[in-house]
Amino acid sequence: AAAAHPAATAAPAMPATAPTAPAAPAPETAAPAPAAPAAAPQPAEPVVALGMAQVETMRLPGNMLGAGFEFLRLEVKGAPQPLAFLLGTAFPVNALTPRGRELLPGPSTSYSGGWLSQATQAASTVDLEGVRLWGSGAAIDDIKGCEVLEFPQAQLLGQLGVEVHGVLGQPFFEQYDMDLDRYGQRAQFYSPGQAAAQGFYSTVRHLPGIALPSGNLGVVLTGSAVDDDLDERKATFVGLVDSSAAHTIVNWEAAKLLGYSGPTDPKLMAATKVLGAGKTGQAEEMPVVQARFSLCGVPQGVKPMLLSVSQEEFKASGGKGWYFEEKTLQGGPACLELGAVNIAIGDVLGLSVLTDSMIGPFTGAAAIVGQDLLFQAQRVVVNLRDKNLWLEPGDVRDAPEM
132 AAAAHPAATA
142 APAMPATAPT
152 APAAPAPETA
162 APAPAAPAAA
172 PQPAEPVVAL
182 GMAQVETMRL
192 PGNMLGAGFE
202 FLRLEVKGAP
212 QPLAFLLGTA
222 FPVNALTPRG
232 RELLPGPSTS
242 YSGGWLSQAT
252 QAASTVDLEG
262 VRLWGSGAAI
272 DDIKGCEVLE
282 FPQAQLLGQL
292 GVEVHGVLGQ
302 PFFEQYDMDL
312 DRYGQRAQFY
322 SPGQAAAQGF
332 YSTVRHLPGI
342 ALPSGNLGVV
352 LTGSAVDDDL
362 DERKATFVGL
372 VDSSAAHTIV
382 NWEAAKLLGY
392 SGPTDPKLMA
402 ATKVLGAGKT
412 GQAEEMPVVQ
422 ARFSLCGVPQ
432 GVKPMLLSVS
442 QEEFKASGGK
452 GWYFEEKTLQ
462 GGPACLELGA
472 VNIAIGDVLG
482 LSVLTDSMIG
492 PFTGAAAIVG
502 QDLLFQAQRV
512 VVNLRDKNLW
522 LEPGDVRDAP
532 EM
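If you read the sequence shown in the working numbering, its first letter stands for residue 132, the second for the next number, and so on.
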């Protein structure tokens, strides 16, 4: 699968005046492709957490789009101070900022340019040894192959006076389940598939996910739209869970399901606009609208659909793309209704990770599920390896409209 970097869309966007990206083409006739959501793990007996870490929450100012970020600190051999790491379930790598690299022993390299210019080159990597969770002192495995690069969340937090030295991304969350107690400001880590062994109160909702390309965890977003006859209908599409994204973003195919015809829709003319990285990596203007969603589990038997292509064309150049049929995503095993949030609309770089090297780009409706939705849960349990998510409702409220 392609490895386009989602980091560019994760940081909150600021008002700007760039042109808006065109809507993606509508899917064609489809043929089914095999896939199945992962089953919930069934541990034989309760297990003990491998370690606990204090978690710090940084909420963004009210004039910025998005809720904020969470990070924890790690003691690392040779570092003069604990290093702060952003929690990034969809960030494709474990990474260090150049400043974080400078705090570690060994030769350091001088970096220039943003993450995009660095990501196209062979990135410098460093191993974190003697790692302990700050807050409990619990030892965890060495974190191998951390890439040294700048990423927008660290730059934004730096502007707000918070220094972040790195991000714990997909490789970390494939290795550990996380049980985040937001009100308790702590996270417990388990062997993969073991977080559910402790058992949950009935208030904790299990949302079985689906495996998306590039190792991402997908759940279902359910919203509503009002058509021209003022009839309300449900809008259902897949969402990529990303704790390093401060706000939720929907692509233009999802926006159509929510009742927006495209970038020139009159309903969007007066909307606040923000800048985000489009699918080509270039900055694009994206309208901001308020929407209300439920996060839902993925029904059993959901299959992606392939755009029609002849056998000869497939052998020559692969598929033309894929998507999920909306009706197959409806009726999942559990839903958590959340307060309204301000979302950006755009075909963003972060969703380009859904491109498959064989069957082509994702052409359907999709969203990046950001912290504006996840912050409304007081407890978030992530089992990335088996694609499971548990949420316990917390501070569920509507955000003020931007």
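For every residue, glycine included, the Cβ atom is placed at its ideal position computed from N, Cα and C.
Let me check you understand the geometry: is the CB of residue i closer than 6 Å to at least one non-hydrogen atom of the ligand ADP?
{"i": "residue 506", "result": "The model on display carries no ligand, and the ligand ADP is accordingly not part of it."}
Provide the residue span of the beta strand (DSSP E) that contains residue i, from first to last.
{"i": "residue 503", "result": "Here residue 503 belongs to no beta strand (DSSP E); instead the alpha helix (DSSP H) covers 502-505."}
{"i": "residue 416", "result": "414-422"}
{"i": "residue 275", "result": "274-279"}
{"i": "residue 265", "result": "It is not in any beta strand (DSSP E) - residue 265 carries neither H nor E in the DSSP assignment."}
{"i": "residue 365", "result": "363-372"}
{"i": "residue 341", "result": "341-343"}
{"i": "residue 222", "result": "Segment: none, residue 222 is in no beta strand (DSSP E) and carries neither H nor E."}
{"i": "residue 520", "result": "519-524"}
{"i": "residue 406", "result": "404-408"}
{"i": "residue 494", "result": "Element bounds for residue 494: n/a, residue is neither H nor E."}
{"i": "residue 202", "result": "199-206"}
{"i": "residue 187", "result": "182-190"}
{"i": "residue 473", "result": "472-476"}
{"i": "residue 468", "result": "466-468"}
{"i": "residue 509", "result": "508-514"}
{"i": "residue 437", "result": "436-438"}
Do you know whose CA, among the options, lies nearest residue i's CA?
{"i": "residue 230", "options": "308, 187 and 293", "result": "293"}
{"i": "residue 266", "options": "183, 313 and 192", "result": "183"}
{"i": "residue 197", "options": "187, 237 and 375", "result": "375"}
{"i": "residue 281", "options": "326, 338 and 216", "result": "216"}
{"i": "residue 450", "options": "255, 259, 494 and 507", "result": "494"}
{"i": "residue 315", "options": "525, 223 and 298", "result": "525"}
{"i": "residue 313", "options": "462, 237 and 509", "result": "509"}
{"i": "residue 467", "options": "424, 393 and 532", "result": "424"}
{"i": "residue 430", "options": "463, 416, 278 and 504", "result": "463"}
{"i": "residue 308", "options": "343, 271 and 287", "result": "271"}
{"i": "residue 422", "options": "395, 475 and 396", "result": "475"}
{"i": "residue 533", "options": "404, 515, 514 and 517", "result": "404"}
{"i": "residue 505", "options": "396, 489, 418 and 218", "result": "218"}
{"i": "residue 385", "options": "322, 455 and 415", "result": "455"}
{"i": "residue 520", "options": "392, 489 and 324", "result": "324"}
{"i": "residue 264", "options": "299, 234 and 284", "result": "299"}
{"i": "residue 342", "options": "435, 284 and 228", "result": "435"}
{"i": "residue 269", "options": "256, 286, 207 and 234", "result": "207"}
{"i": "residue 212", "options": "256, 189, 295 and 190", "result": "295"}
Can you tell me whether residue i is buried or exposed? The criterion is at least 16 other CB atoms within 10 Å of its CB, across all chains shown.
{"i": "residue 194", "result": "exposed"}
{"i": "residue 249", "result": "A caution first: residue 249 carries a pLDDT of 47, below 50, which makes its placement in the model too unreliable to give a value."}
{"i": "residue 334", "result": "exposed"}
{"i": "residue 400", "result": "exposed"}
{"i": "residue 165", "result": "At residue 165 the pLDDT is 42, less than 50, meaning the model places this residue with poor confidence and gives no usable figure here."}
{"i": "residue 273", "result": "exposed"}
{"i": "residue 481", "result": "buried"}
{"i": "residue 201", "result": "buried"}
{"i": "residue 345", "result": "buried"}
{"i": "residue 160", "result": "Any answer about residue 160 is weak, because its pLDDT of 41 lies below 50 and its placement is not dependable; what the coordinates show is given next. It is exposed - the Cβ of residue 160 has fewer than 16 other Cβ atoms within 10 Å."}
{"i": "residue 232", "result": "buried"}
{"i": "residue 290", "result": "exposed"}
{"i": "residue 529", "result": "exposed"}
{"i": "residue 516", "result": "buried"}
{"i": "residue 534", "result": "Outside the displayed range of the chain (132 to 533) lies residue 534, so it cannot be described from this structure."}
{"i": "residue 397", "result": "exposed"}
{"i": "residue 321", "result": "buried"}
{"i": "residue 410", "result": "buried"}
{"i": "residue 257", "result": "buried"}
Give the C-beta separation of residue i and residue j to the nearest angstrom, bearing in mind that I take them to be a contact with Cβ-Cβ under 8 Å.
{"i": "residue 336", "j": "residue 205", "result": "With 8 Å as the limit, residue 336 and residue 205 do not qualify as a contact, their Cβ atoms being about 30 Å apart."}
{"i": "residue 209", "j": "residue 192", "result": "Rounded, the Cβ-Cβ distance is 35 Å, inconsistent with contact."}
{"i": "residue 377", "j": "residue 297", "result": "Wrong, their Cβ atoms sit about 17 Å apart, outside the cutoff."}
{"i": "residue 260", "j": "residue 224", "result": "Rounded, the Cβ-Cβ distance is 18 Å, inconsistent with contact."}
{"i": "residue 285", "j": "residue 514", "result": "That belief does not hold up - the Cβ atoms of residue 285 and residue 514 are roughly 27 Å apart, past 8 Å."}
Along the chain, where does the alpha helix (DSSP H) containing residue i start, and where does it finish?
{"i": "residue 283", "result": "283-290"}
{"i": "residue 303", "result": "301-306"}
{"i": "residue 232", "result": "229-233"}
{"i": "residue 387", "result": "383-388"}
Below 7 Å between beta carbons: does that hold for residue i and residue j?
{"i": "residue 338", "j": "residue 428", "result": "yes"}
{"i": "residue 460", "j": "residue 367", "result": "yes"}
{"i": "residue 354", "j": "residue 500", "result": "no"}
{"i": "residue 402", "j": "residue 420", "result": "yes"}
{"i": "residue 304", "j": "residue 220", "result": "yes"}
{"i": "residue 180", "j": "residue 319", "result": "yes"}
{"i": "residue 372", "j": "residue 388", "result": "no"}
{"i": "residue 432", "j": "residue 491", "result": "no"}
{"i": "residue 484", "j": "residue 426", "result": "no"}
{"i": "residue 527", "j": "residue 311", "result": "no"}
{"i": "residue 178", "j": "residue 328", "result": "yes"}
{"i": "residue 357", "j": "residue 498", "result": "no"}
{"i": "residue 340", "j": "residue 458", "result": "no"}
{"i": "residue 199", "j": "residue 502", "result": "yes"}
{"i": "residue 203", "j": "residue 186", "result": "yes"}
Of all Cβ atoms in chain B, is any one closer than 7 Å to the Cβ of residue i?
{"i": "residue 387", "result": "Looking for chain B here will not work: only one protein chain is present."}
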